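Let me begin by presenting the structure, written as structure tokens, before commenting on it.
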Amino acid sequence: MVALSLSLALAASLAPWAQASPATKHLEVRADDKAYSPPYYPAPKGGWLSDWEDSYEKAHKLVSQMTLAEKVNLTTGTGIFMGRCSGHTGSVSRLGVPQLCINDGPLGVRNTDLATAFPAGITVGATFDKDLMHERGVAMGEESRGKGVNVLLGPSVGPIGRKPRGGRNWEGFGADPVLQGIAAAETVKGMQSTGAIACIKHYIGNEQEMHRMSSVVTQGYSSNIDDRTLHELYLWPFAESVRAGVGSLMTAYNDVNRSSCSQNSKLLNDILKDELGFQGFVMTDWLGHYGGVSSALAGLDMSMPGDGSLPLFGTSYWGSDLSRSVLNGTVPLDRLNDMVTRIVATWYQMGQDKDYPLPNFSTNTAADKALLYPGAVLSPIGVVNEHVNVQGNHNKTARAVARDAITLLKNEGETLPLKKNDSLYVFGTDAGADPQGLNSCADKGCNRGVLTMGWGSGTAKLPYLVTPQEAIANISSKAEFHITDSFPKDVSPGPDDVAVVFISADAGENFIIVDGNPGDRTKADLKAWHKGDDLVKDAAEKFSKVVVVVHTVGPILMEEWIELPSVKAVLVAHLPGQEAGWSLTDVLFGDYSPSGHMPYTIPRSEDDYPESVSLIQQPFGQIQDDYTERLYIDYRHFMKADVTPRYPFGHGLSYTTFDYSKPSLSVVTPLDSAYPPARGPKGSTPTYPDTKPAPSEVAWPKGFHRITRYLYPYLDNPEGAAANSSKKYPYPEGYTTKPKPGPRAGGGAGGNPALWDVAYSVKVTVTNSGQRPGRAVAQLYVELPTDLGVDTPSRQLRQFEKTKTLAPGESAVVTLDVTRKDVSVWNAIVQDWQVPVNGEGVKIYVGESVADERVVCKVGDKCSVL
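Each residue of the sequence shown is one higher than the last, beginning at 1 in full-length UniProt numbering.
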């Protein structure tokens, strides 16, 4: 049974309007006093948006020619380790559809050589640079195509960073839905411009690594999220990605309100496919498929890597069982046809029918020749790695992203930039190479040497690595290196000597434990690893000038040393990828002014966060992770609680200064109604004959050579399966085959197209008032009026623009557009986005962080510079 609201107590606390209408409209009350949303069936068909019309028409013609076995073959992975890539679908070779290679990951093609290890998502977010976000996406798409990857599993916008110690926050772009949404959309558009299919993930509520998965003995935690919070925070970047045309979506392992994401009909059928108008296909995370018929009916389209509850047993919830379910009538043929049509239409939409390369690498081995099916009992041997170099000049993009993300938090006395003839002492293993060699630990499951990325499936092999030590030594002849995390006793600095101290904080995916941390930072907390705080303090005792460089996956506590008199400057270099050294020295020695801004808040204490965002460990039973903080995560919480953080969201200094002047606000589209105009009707969708397939279509072909454990669509006794049809199948409560009318909040890709009407346009002149060239980041935050009757954060990021490099005295006019959705709240009863009519009471702030109120504009009034 699907569920998409919290307990009744939480639901009742959400808003006055929620209490003014019957709660049963969107909630059901069970005997256990828990609130659930109603089921949503049947799964909406794809193909009704004009942008996808041609691709669906082509897919319809092709799918119409397919047998039942061929259709099932495209929906089910062939099994874990049954090919070169992370996962493969079956093929329809008779009609020219190859196996689809589906491969990690969000910062580059995982587990291959001669490919770029780009900066991680959190680094990309810190750039606040839309052009670089798009450029990196293009480069990743080109490399995916060059390696023969049909679907690259990224970008990631879930987790959003609700839990600061969450293991995979670094794969996303930051702890804000708009920053995540813009970065994801630019990444998707860039990747898919090359023909590669992007996969937005993980849908939804996957905010900690521990206890995320269900198995034969465990049940993954349930993220219990109310409807408004879901729409305004966690769904926002997914909606932006759907609007950008993303071709595929991966479900999360966990439950959402006690229903697993891969078979949650409210999440998939209602919100994703109907309200957001998603036209691509939905796949599971690896081994995140928990049911056969239930998941098909709930809107799942592809099982990855295809295995059932236990991998390498040759069993699947789909495969031959899906063939059986169609023959016996438990899964309607109509649903299977839509599943396959969505997959094939996406293949056409990206132009992969035209000379798209086949895979030329293996994620399983670096050898030239190896087992073709490593998961099989017996496998033939063949060429698996052809060593195709796809790097091109992408190192330039990687360096630019890493450089423009570097965030200057503190710079007393203009300690930075350093001079090339400064006497430097460099400390910390984070400045050097891994002493055991490049890529010496699988999936970066260690923290040795400079931290270039977290660990897990979201990593890529480094084709090479320029360490900070190498880059600094290349520039400075007066640098002495101590690549150790214990401060040397024999260092005797002079008064003008500068200590550059490197520290790090790591995290990753739950299948690897690093230094006692099971993905999430359980043991490390929010502290620097390898006693980094002590290293900084020891350096500060000896040196009068200390520069701290931090490579980190997320928030890190600095209170032990940030106010020490000797600590003059702090740079956060995030997770820079292969260009770690060059990108850092570009900024450290002043060739470029730092222009990164923090994509999350840095607190003074972990106690400053709400208790509900702590990691949860529970020995027995399913963990119920109640999102009682609702909208108040990261900076939203700090402002509501009136807690001053160490560094606010969006903070970032420069080697120069910027003045803001001549602000103006113009009304572009009047908001003369509380709700968007009525959505248009859906376009037509492909239709197929409803004649049940002949059982012979899934009989084993004569003379067919089987690979043991490989997953096939065929049945030993297809006639028996067809004869065993039953009308007593226990369908989910509320199941129906009668289509529902489209949700009022839908109507286009991402939702009602009117949501993206520009309501207000803000212009402001930004002038470089300092002595060095630099780039400014103008951030626009919205404050909504209290008379909407709902509790709303006092500041919410809604837009940003980064200027070109401005010379001293040079100005640029920045335009920041605010859409209808940007000034809306989600009305959970009406099920639509509501705005203050005519923008009454809306305030807009522009500055260089959430706490920097340079410009304020009141709708209906003049703007002013504060």
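Using N, Cα and C, we set each Cβ at its ideal position, and we do this for glycine too. Here the structure is a predicted model, which is why all the values come from computation and not from measurement.
- Task: List the whole-angstrom C-beta distance separating Pro603 from Pro645, where the pair is believed to meet the contact cut-off of C-beta under 8 Å.
- Result: In the sequence shown, the residue the question calls residue 603 occupies position 603. In the sequence shown, the residue the question calls residue 645 occupies position 645. Rounded, the Cβ-Cβ distance is 5 Å, consistent with contact.
- Please classify Val850: does DSSP put it in a helix, a strand, or coil? Numbered from its first residue, the sequence shown carries residue 850 at position 850. When secondary structure is reduced to three states using DSSP, Val850 falls in the coil class, being assigned neither helix nor strand.
- Note down, in chain order, each residue of its chain lying with its Cβ closer than 7 Å to the Cβ of Lys478, except the 5 sequence neighbours on either side. As a first step, residue 478 must be located in the sequence shown, where it is residue number 478. Closer than 7 Å at Cβ, skipping near neighbours: Asn421, Asp422, Ser423, Leu424.
- Query: Cβ atoms of Ser654 and residue 881: under 8 Å apart, would you say?
  - Reply: Look at the range of the chain in this structure, 1 to 866, and you will see that residue 881 is not part of it.
- Start-to-end residues for the alpha helix (DSSP H) that takes in Val138: Position 138 of the sequence shown holds residue 138. Counted as a single uninterrupted DSSP element, the alpha helix (DSSP H) harbouring Val138 occupies residues 130-147.
- According to DSSP, what are the bridge partners of Phe800? Numbered from its first residue, the sequence shown carries residue 800 at position 800. Phe800 is bridged to Gln779.
- Thr284 versus Val340: straight-line alpha-carbon distance, rounded: Position 284 of the sequence shown, counted from the first residue, corresponds to residue 284. Position 340 of the sequence shown, counted from the first residue, corresponds to residue 340. Rounded to whole angstroms, the separation of the alpha carbons of Val340 and Thr284 is 15 Å.
- Message: Can you give me the C-alpha to C-alpha distance between Ile707 and Asp338, rounded to a whole angstrom?
- Response: Along the sequence shown, read from residue 1 onward, the residue named residue 707 stands at position 707. Along the sequence shown, read from residue 1 onward, the residue named residue 338 stands at position 338. Between the C-alpha atoms of Ile707 and Asp338 there is a straight-line separation of about 29 Å.
- Could you tell me which residues DSSP pairs with Pro106 in its beta bridges? Within the sequence shown, the letter at position 106 stands for residue 106. According to DSSP, Pro106 bridges with Gly108.
- Which one of Ser144, Gly809, His551 has the shortest CA to CA distance from Arg403? Here residue 403 refers to the residue found at position 403 when the sequence shown is read from its first residue. Ranking Ser144, Gly809, His551 by CA distance to the CA of Arg403 puts His551 first.
- How big is the Cα-Cα spacing for Met558 and Lys527? Here residue 558 is taken as the residue at index 558 of the sequence shown, counted from 1. Here residue 527 is taken as the residue at index 527 of the sequence shown, counted from 1. Approximately 8 Å, taken between the alpha carbons.
- Item | Validate contact between the stretch 236-254 and the stretch 187-207 using beta carbons, cut 8 Å, 3 pairs | With the cut-off at 8 Å, the stretch 236-254 and the stretch 187-207 touch.
- For chain D, find out if any of its Cβ atoms is closer than 8 Å to the Cβ of Tyr56; answer yes or no. Structure shown: chain D not included; a single protein chain is present.
- Outcome for Leu267 when other beta-carbon atoms lying within 10 angstroms are tallied against a minimum of 16: Working through the sequence shown from its first residue, we reach residue 267 at position 267. Within a 10 Å sphere around the beta-carbon of Leu267 sit 16 or more other beta-carbons, which makes this residue buried.
- For the beta strand (DSSP E) containing Leu249, list its first residue and its last residue. Locating residue 249 in the sequence shown gives position 249, counting from the first residue. Note, Leu249: beta strand (DSSP E), 248-251.
- Can you give the Cα-Cα distance for His637 and Cys101, rounded to whole angstroms? The count along the sequence shown starts at 1 and reaches residue 637 at position 637. The count along the sequence shown starts at 1 and reaches residue 101 at position 101. Computed Cα separation, rounded: 42 Å.
- Put Asp497 into one of helix, strand or coil per three-state DSSP. For the purposes of this step, residue 497 is taken as residue 497 along the sequence shown, with counting starting at 1. When DSSP states are grouped into helix, strand and coil, Asp497 belongs to the coil group.
- With distances taken from CA atoms, which of Gly181, Leu49, Asn73 is nearest Tyr710? Reading the sequence shown from its first residue, position 710 is the one you call residue 710. Put simply, of Gly181, Leu49, Asn73 the residue whose alpha carbon is nearest the alpha carbon of Tyr710 is Asn73.
- Message: Let's test the definition: count the other Cβ atoms within 10 Å of the Cβ of Lys702 and tell me whether it reaches 16, buried, or not, exposed.
- Response: Along the sequence shown, read from residue 1 onward, the residue named residue 702 stands at position 702. Burial call: exposed.
- Task: Determine the direct distance from the alpha carbon of Val814 to that of Phe658, and round the result to whole angstroms.
- Result: Counted from its first residue, the sequence shown places residue 658 at position 658. Counted from its first residue, the sequence shown places residue 814 at position 814. Straight-line Cα distance between these residues: approximately 13 Å.
- Message: Pull the bridge partners of Ala370 from the DSSP assignment, please.
- Response: One-based indexing of the sequence shown puts residue 370 at position 370. Bridge partners of Ala370: Gly382.
- Buried or exposed by the 16-neighbour rule on C-beta atoms within 10 Å, applied to Val850: Taking the first residue of the sequence shown as position 1, residue 850 is located at position 850. Buried, because 16 or more other Cβ atoms sit within 10 Å of the Cβ of Val850.
- Beta-carbon contacts of Gly288 that lie in its chain and below 6 Å, excluding the five residues immediately before and after: By 1-based counting over the sequence shown, the position of residue 288 is 288. Excluding sequence neighbours, Gly288 sits near Tyr253, Ser262.
- Query: Taking three-plus beta-carbon pairs below 8 Å as touching, is the stretch 584-600 in contact with the stretch 509-525?
  - Reply: Touching, no.
- Item | Contact under 8 Å by Cβ, Lys410 with Asn439 | Counting from one through the sequence shown, the residue named residue 410 turns up at place 410. Counting from one through the sequence shown, the residue named residue 439 turns up at place 439. In terms of Cβ geometry, Lys410 and Asn439 do not form a close pair [threshold 8 Å].
- Query: Opposite Asn517 in the DSSP bridges: which residues?
  - Reply: Along the sequence shown, one-based indexing puts residue 517 at 517. DSSP, once it has assigned bridges, lists Val514 as partnering Asn517.
- Item | Stretch pair the stretch 188-200 + the stretch 212-230: three plus CB contacts closer than 8 Å | The count of Cβ pairs closer than 8 Å, one atom from the stretch 188-200 and one from the stretch 212-230, stays below three, leaving the stretches out of contact.
- For the putative contact between Lys821 and Trp833, defined by C-beta atoms under 8 Å, what is the C-beta separation to the nearest angstrom? Position 821 of the sequence shown, counting from 1, holds the residue named residue 821. Position 833 of the sequence shown, counting from 1, holds the residue named residue 833. Yes, they are in contact, since the Cβ atoms of Lys821 and Trp833 sit about 6 Å apart, within 8 Å.
- Message: Helix, strand or coil, according to DSSP, for Ala539 in the structure here?
- Response: Translated into the one-based positions of the sequence shown, residue 539 becomes position 539. Helix at Ala539.
- Query: Whose CA, out of Ala239, Asp533, Val401, lies closest to the CA of residue 883?
  - Reply: Not covered by the structure: residue 883. The range shown for the chain is 1 to 866.
- Which residues in the same chain have their Cβ closer than 8 Å to the Cβ of Gly860, if we skip the five residues on either side of it in sequence? Translated into positions along the sequence shown, residue 860 becomes position 860. Within the same chain, Cβ atoms closer than 8 Å to the Cβ of Gly860 are found at Asn838, Gly839, Glu840, the five residues on either side in sequence being excluded.
- Should Ile503 and Asp430 be called a contact, given that it needs their Cβ atoms to be closer than 8 Å? Walking along the sequence shown from the start, residue 503 turns up at place 503. Walking along the sequence shown from the start, residue 430 turns up at place 430. Taking 8 Å as the Cβ cut-off, Ile503 and Asp430 qualify as a contacting pair.
- By a C-beta neighbour count over all protein chains shown, 10 Å radius and 16 as the cutoff for buried, is Thr736 buried or exposed? As a first step, residue 736 must be located in the sequence shown, where it is residue number 736. Residue burial is scored here from C-beta neighbours: Thr736 has fewer than 16 other C-beta atoms within 10 angstroms and is therefore classed as exposed.
- Item | Burial state of Tyr729 (16 or more Cβ within 10 Å) | As a working note, residue 729 is residue 729 in the sequence shown. Within 10 angstroms of the beta-carbon of Tyr729 lie fewer than 16 other beta-carbons, which makes it exposed.
- the stretch 288-298 touching the stretch 39-46, judged by at least three CB pairs closer than 8 Å: Yes, the stretch 288-298 touches the stretch 39-46.
- Just the Cα atoms here: how many angstroms apart are Ala749 and Ala573? Locating residue 749 in the sequence shown gives position 749, where the first residue counts as 1. Locating residue 573 in the sequence shown gives position 573, where the first residue counts as 1. About 36 Å.
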